């Protein structure tokens, strides 16, 4: 009936019919919807750029939210945004603002009955992982300088130096707290072969057997006041060459 239909409209749009004149005209205003999204995580990259995903509609209340199972969606599944800070956030979510250039709108047959009343987006920035390495022959070392080489001394003691740090963002100056660190070779034996006549080979230090090294001295990062980096992997190796012995022969 007309009365039943009118009552449904009053209930749907939260209209109080008491005191209303049934012959008067009235406007049905659209309901506001509140958009929310959390957990928008990225790895530190020295920018505030964010990507907002998994946006949902807040639960309906008396005067806001999607009702009666109206099929309302958004025009995209992800939107560009801006974190309020670019440093890592210590596992705390911070505010994200959607970029104005990343347009958002409602989609659906009944979309005109609704409007976006508010947007609340958050996320966190996690520290960036670093790989530290100083290998006997680094493939990108155009100078071909063997690293972490010593003469045989019947010990596994090693010194790790010339450490390379991978995955640092351009513009950051993070580095290690020292230029060299104590370590231990996998074996104490020399890894050098001689020519058939017993003489040493040309470029002998480039031809040693690669000997893995384990760091034994503490290491830490400096020039990283906000903790934007952490050491994830370390790879070290070197080589041990034969000990040179001088023999003096005196006359008979």
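Numbering (the numbering used here), first residue to last: 669 to 920. Glycine included, each C-beta is placed from N, C-alpha and C at the ideal position. On a predicted model such as this, the values are computed, not experimentally measured, just so you know.
Identify, in the order they occur along the chain, each residue of the same chain with its Cβ nearer than 7 Å to the Cβ of residue i, setting aside the five sequence neighbours on each side.
| i | result |
| --- | --- |
| residue 802 | 815, 816, 828, 829, 830, 831, 832, 904 |
| residue 765 | 749, 750 |
| residue 856 | 822, 823, 824 |
| residue 847 | 829 |
Can you round the beta-carbon distance between residue i and residue j to whole angstroms, since I take them to be within the 8 Å contact cut?
| i | j | result |
| --- | --- | --- |
| residue 900 | residue 798 | 6 Å |
| residue 852 | residue 825 | 7 Å |
Within a Cβ cutoff of 6 Å, which residues of the same chain sit near residue i, ignoring the five residues on either side of it in sequence?
| i | result |
| --- | --- |
| residue 915 | none |
| residue 669 | The predicted position of residue 669 is uncertain, since its pLDDT is 44 and thus under 50; no value can be drawn from it. |
| residue 778 | 738 |
From residue i to residue j, what does the alpha carbon distance come to, in whole angstroms?
| i | j | result |
| --- | --- | --- |
| residue 835 | residue 755 | 16 Å |
| residue 746 | residue 722 | 7 Å |
| residue 735 | residue 728 | 7 Å |
| residue 849 | residue 813 | 18 Å |
| residue 882 | residue 862 | 27 Å |
Thinking just about the alpha-carbon of each residue, which of the options is nearest to the one in residue i?
| i | options | result |
| --- | --- | --- |
| residue 841 | 870, 790, 881, 895 | 895 |
| residue 908 | 718, 902, 876 | 876 |
| residue 913 | 732, 867, 769 | 867 |
| residue 969 | 889, 786, 808, 794 | Residue numbering for the chain in the displayed model covers 669 to 920; residue 969 lies beyond these limits and cannot be assessed. |
| residue 820 | 718, 873, 720, 752 | 873 |
Leaving out the 5 sequence neighbours to the left and right, which residues in its chain are closer than 8 Å to residue i when beta-carbon positions are compared?
| i | result |
| --- | --- |
| residue 775 | 740, 741, 742, 743 |
| residue 918 | none |
| residue 715 | 754 |
| residue 898 | 795, 796, 797, 798, 889 |
Task: Minimum length 4: unbroken alpha helix (DSSP H) runs contained in the stretch 712-738 - done: The stretch 712-738 contains no whole alpha helix (DSSP H) run of 4 or more residues.
TODO: For the stretch 762-805, list the beta strand (DSSP E) runs that are entirely contained and at least 3 residues long, ordered along the chain.
DONE: Counting only runs of 3 or more, we get 762-766, 782-791, 796-802.
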